[in-house]
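K.L.:
Submitted below is the structure of interest, expressed as structure tokens.
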Amino acid sequence: DTEVTQTPKHLVMGMTNKKSLKCEQHMGHRAMYWYKQKAKKPPELMFVYSYEKLSINESVPSRFSPECPNSSLLNLHLHALQPEDSALYLCASSQDELPGGNTIYFGEGSWLTVV
Amino acid sequence: EDQVTQSPEALRLQEGESSSLNCSYTVSGLRGLFWYRQDPGKGPEFLFTLYSAGEEKEKERLKATLTKKESFLHITAPKPEDSATYLCAVHRGNDYKLSFGAGTTVTVRA
């Protein structure tokens, strides 16, 4: 069973709506991630938080706004999305130890449909 | 640039018919190679992490091996519940980014 919990599992939103995706982990991991996955494609990295600070933004449009309130929680705020943003959004976490090679654990994902 | 190539794209097996999936990679400073299983509409489920050539790991009917250029995921006597997409990913240096292959979709018929 995954120990990364995402809510909601499904979300339908209009292009003018504001919504949020939420993620929680209790494994004591200090790195948390947002990935986007389109059908029949591998996951694509969007953001990385390390020790609650934004470490990586993979040139994601500003209509996606991440937030890390504490070491266990990660949010993705959504505003003015486009239909092409419809996808499975995956939260993930890992230990934050250098050098890399830390296993990344994924949540079940949130299915987003923009209408 | 890191490259991860998985083959075949799709694999159809009869129940009990063992087979192997391949993941070839070119990456400088490999820190870990990961195998995930993904069911339709769900997030990737972690299977194995391999760190160095010669390493092998097993879990039930699955066995993963690693060489300096590729990894294999062997499925022994598969069952229909092993049907899924299997993703390979590599992690290099101090980079947080995983480089994923395109995946192999395995279908096991009863």
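Residue numbers (the working numbering), protein chains in the order written: chain A, 1 to 115; chain B, 1 to 110. Heads up, the beta-carbon is just placed ideally off N, CA and C, and yes, glycines get one too.
(1) Do you know offhand how far A:Q37's Cα is from B:C88's?
(2) Mark A:M32 as exposed unless 16 or more other C-beta atoms lie within 10 angstroms of its C-beta, in which case mark it buried.
(3) With 16 other CB atoms within 10 Å as the buried threshold, where does B:D39 fall?
(4) Which chain A residues sit within Cβ distance under 8 Å of B:Y51?
(5) Using the beta-carbon count (16 or more within 10 Å), is A:H77 buried or exposed?
(6) Please give the ranges of any alpha helix (DSSP H) in the stretch 8-66 of chain B, keeping only runs that are unbroken, at least 4 residues long and fully inside the region.
(7) How is A:P66 classed by DSSP in three states: helix, strand or coil?
(8) DSSP on B:E81, reduced to helix/strand/coil?
(9) When the cut-off is 7 Å and only beta carbons count, does B:D39 lie next to chain A?
(10) With a threshold of 7 Å between beta-carbons, can B:H74 be considered close to chain A, or not?
(11) Below 6 Å CB to CB, which residues in the same chain sit around A:S59 once its five sequence neighbours on both sides are set aside?
(12) Would the stretch 79-93 of chain B count as touching the stretch 2-13 of chain B if we require 3 or more Cβ pairs under 8 Å?
(13) Just the Cα atoms here: how many angstroms apart are B:L62 and B:L21?
(14) Which value, in whole angstroms, describes the spacing of the CA atoms of A:E67 and B:P78?
(15) What separation, rounded to the nearest whole angstrom, lies between the Cα atoms of A:R30 and B:L66?
(16) In whole angstroms, what is the alpha-carbon distance linking A:Y89 and B:S18?
P.N.:
In terms of the structure at hand:
(1) The sequence position of residue 37 of chain A within the first sequence is 37, counting from 1. The sequence position of residue 88 of chain B within the second sequence is 88, counting from 1. The alpha-carbon atoms of A:Q37 and B:C88 are separated by roughly 15 Å.
(2) On the first sequence, residue 32 of chain A is found 32 positions in, with the first residue counted as 1. A:M32 is buried by the Cβ-count criterion.
(3) Along the second sequence, read from residue 1 onward, the residue named residue 39 of chain B stands at position 39. Exposed, since its Cβ has fewer than 16 Cβ neighbours within 10 Å.
(4) Here residue 51 of chain B refers to the residue found at position 51 of the second sequence. G101, listed in chain order.
(5) For this step, residue 77 of chain A is matched to residue 77 along the first sequence. So A:H77 ends up on the exposed side.
(6) none
(7) By 1-based counting over the first sequence, the position of residue 66 of chain A is 66. If DSSP states are grouped into helix, strand and coil, A:P66 belongs with the strands.
(8) Walking along the second sequence from the start, residue 81 of chain B turns up at place 81. It is helical.
(9) To locate residue 39 of chain B, count along the second sequence from 1; it is residue 39. No, because no Cβ of chain A sits closer than 7 Å to the Cβ of B:D39.
(10) Reading the second sequence from its first residue, position 74 is the one you call residue 74 of chain B. False, the Cβ-Cβ gap to chain A never drops below 7 Å.
(11) What you label residue 59 of chain A is simply residue 59 of the first sequence in a count that begins at 1. Nothing meets the Cβ criterion.
(12) yes
(13) Taking the second sequence and counting its residues from 1, one reaches residue 62 of chain B at position 62. Taking the second sequence and counting its residues from 1, one reaches residue 21 of chain B at position 21. B:L62 and B:L21: Cα-Cα distance of roughly 11 Å.
(14) In the first sequence, the residue the question calls residue 67 of chain A occupies position 67. In the second sequence, the residue the question calls residue 78 of chain B occupies position 78. A:E67 and B:P78: Cα-Cα distance of roughly 42 Å.
(15) Counting from one through the first sequence, the residue named residue 30 of chain A turns up at place 30. Counting from one through the second sequence, the residue named residue 66 of chain B turns up at place 66. Going from the Cα of A:R30 to the Cα of B:L66 covers about 28 Å.
(16) As a position in the first sequence, residue 89 of chain A is number 89, starting the count at 1. As a position in the second sequence, residue 18 of chain B is number 18, starting the count at 1. C-alpha separation (whole angstroms): 33 Å.
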